[in-house]
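Chemist:
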Amino acid sequence: MTAEQVQALIRAGLPMAEDINLCIDRLDANGALARVPFHNKLVRPGGTLSGPTIMALADAAMYAVILGSLGRVEMAVTSNLNINFLVKPKPVDLLAQARILRLSRRQAVCEVSVYSQGNEEELVAHVTGTYALPL
């Protein structure tokens, strides 16, 4: 699947993706790059992007890299997500670079680096997750 196809599939199946304007910018052999454009409606008290926004971006990036690798496996579901929030994101677009660490017949283990646009060297969050794959 292409980045555009994956983005359309996610947005069609998960209305919240439209609410946060989720974008799949790149999908290739190296992984997936997903983005949530900055918007004030995503900011929580204290002036930072909300945790649920960051988690949704990371989860979508993992789903995208799995779809890019395996094709249309819509029933692949998150079975575990671990997130470490590291620094306050800047008030710019938030990016998530996902890659598959291990892929078996029943599950995919992924890693995601989340960072503010223009500041790739400073991670906002580090995420690992496992997806259960349909039989």
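Position 125, counted from 1, in the sequence shown is what UniProt numbering calls 125; the numbers after and before it change by one each time, with no gaps.
Where is the CB? At the ideal position from N, CA and C, for every residue including glycine.
None of the values given here were measured: they were computed from a predicted structure.
Answer yes if the stretch 88-97 comes into contact with the stretch 18-37, meaning at least three C-beta pairs across the two stretches below 8 Å, and no otherwise.
Modeler: Yes, the stretch 18-37 touches the stretch 88-97.
Chemist: To the nearest angstrom, how far is the alpha carbon of residue 142 from that of ARG106?
Modeler: Outside the displayed span of the chain (1 to 135) sits residue 142, for which this structure offers no information.
Chemist: May I ask you to report which of helix, strand or coil DSSP gives ASP93?
Modeler: ASP93 falls in the coil class under three-state DSSP.
Chemist: Considering only C-alpha positions, which residue in the set MET62, PRO15, ASN40 is nearest to ALA3?
Modeler: When only C-alpha atoms are compared, the closest one is MET62.
Chemist: What does the alpha-carbon distance come out to for the pair GLN5 and LEU86?
Modeler: Going from the Cα of GLN5 to the Cα of LEU86 covers about 31 Å.
Chemist: When the distance is taken between beta carbons, is LEU14 closer than 9 Å to MET1?
Modeler: The answer is no: Cβ separation not under 9 Å.
Chemist: Quick one: what's got a C-beta closer than 7 Å to TYR115's C-beta in the same chain, skipping five residues either side?
Modeler: Only LEU95, GLU122, LEU123, VAL124 meet the Cβ criterion.
Chemist: Look at the alpha carbon of ASP19 and the alpha carbon of ILE66, and state the distance between them as a whole number of angstroms.
Modeler: If I take the Cα positions, the gap works out to 23 Å.
Chemist: Kindly list the residues whose CB is nearer than 6 Å to the CB of PRO91, restricted to its own chain and excluding five residues on each side of it in sequence; keep chain order.
Modeler: Cβ neighbours of PRO91 beyond the five flanking positions: PHE38.
Chemist: Please report the residue range of the alpha helix (DSSP H) in which VAL6 lies.
Modeler: Start and end: 3-13.
Chemist: Indicate the three-state DSSP secondary structure (helix, strand or coil) for GLY31 in the structure shown.
Modeler: Here GLY31 sits in strand by DSSP.
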